Amino acid sequence: LQQGLNKQSVPSFDLNRVPINRGKMMKEAELPELVQPNYFKRFELTEDGISPRTIPGMKNGLFLSTGLEHNEEGKPAEAPTMHVAQTDKRFRKLETVTDDRYLT
């Protein structure tokens, strides 16, 4: 542990050498003003299956999430049509992540 905490034996790492792709991120300016009971669509049904994300604490980036099947806003949804839509979205996501364009 002592060696790992000292720069004498471990050179400093330049974090700027490693690009970080955080994926589809929303900007605060892109988020619509929230009017209750609406929330940001964290689980939006998208063509590629990957929904945009917010950073915790972003104004109007609030969303709900449960362990149950949910709608685009994260609210529990028992309708079979929503279950099928969200399941299809998950499979589109699998197709997207194996696309060579995203493996750079």
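If you're matching positions, the sequence shown starts at 9 in the numbering used here and goes up one per residue. Beta carbons are placed, not taken as given, at the ideal position from N, Cα and C, and that holds for glycine. What you are looking at is a predicted structure, and each value in this text was computed from that prediction instead of being measured.
query = Can you name, in chain order, every residue of its own chain whose Cβ lies under 8 Å from the Cβ of Glu77, other than the five neighbours on each side?
reply = One-based indexing of the sequence shown puts residue 77 at position 69. Closer than 8 Å at Cβ, skipping near neighbours: Pro84, Ala85, Glu86, Met90, His91, Gln94.
task = Find the nearest neighbour of Glu38 within the set Thr74, Arg25, Arg61, judged by alpha-carbon distance.
result = Taking the sequence shown and counting its residues from 1, one reaches residue 38 at position 30. For the options Thr74, Arg25, Arg61, the alpha carbon positioned closest to that of Glu38 is the one of Arg61.
ask   = Which residues share a DSSP beta bridge with Arg61?
value = Sequence index remark: in the sequence shown, residue 61 carries index 53 (1-based). Note: Arg61 sits in a beta bridge opposite Met33.
query = With C-beta atoms as the reference, is Leu102 less than 9 Å away from Gly57?
reply = Here residue 102 corresponds to residue number 94 of the sequence shown, with the count starting at 1. Here residue 57 corresponds to residue number 49 of the sequence shown, with the count starting at 1. Their beta carbons are under 9 Å apart, which means Leu102 touches Gly57 by this criterion.
message = Quick check on this structure: which residue in Lys97, Leu70, Leu53 has the alpha carbon closest to the alpha carbon of Lys35?
response = In the sequence shown, counting from the first residue as 1, residue 35 sits at position 27. Closest option to Lys35, Cα to Cα, is Leu70.
message = Below 8 Å on the Cβ atoms is my contact criterion, and I expect Asn29 with Phe48 to pass it. Report the Cβ-Cβ distance as a whole number of Å.
response = Taking the sequence shown and counting its residues from 1, one reaches residue 29 at position 21. Taking the sequence shown and counting its residues from 1, one reaches residue 48 at position 40. No, Asn29 and Phe48 are not in contact; Cβ-Cβ is about 21 Å, not under 8 Å.
key: Counted within 10 angstroms of its Cβ, other Cβ atoms place Phe99 as buried (16 or more) or exposed   = By 1-based counting over the sequence shown, the position of residue 99 is 91. Burial is judged here by how many other beta carbons sit within 10 angstroms of a residue's own beta carbon; Phe99 has fewer than 16 and is exposed.
task = Kindly indicate the opening and closing residues of the alpha helix (DSSP H) around Leu102.
result = As a first step, residue 102 is located in the sequence shown; it is residue number 94 there, counting from the start. Start and end: 88-105.
CA nearest to the CA of Ile63, picked from Glu55, Glu41, Arg50 = Taking the first residue of the sequence shown as 1, we reach residue 63 at position 55. Nearest Cα to Ile63 within the set Glu55, Glu41, Arg50: Arg50.
key: Neighbour-count burial assignment, Glu41, 16 or more Cβ in a 10 Å radius   = As a position in the sequence shown, residue 41 is number 33, starting the count at 1. Residue environment for Glu41: exposed (fewer than 16 other C-beta atoms within 10 angstroms of its C-beta).
Whole-Å CB distance - Glu80 paired with Glu52, under 8 Å assumed = Looking up residue 80 in the sequence shown gives position 72. Looking up residue 52 in the sequence shown gives position 44. Contact between Glu80 and Glu52 holds, with the beta-carbon distance rounding to 5 Å and staying under 8 Å.
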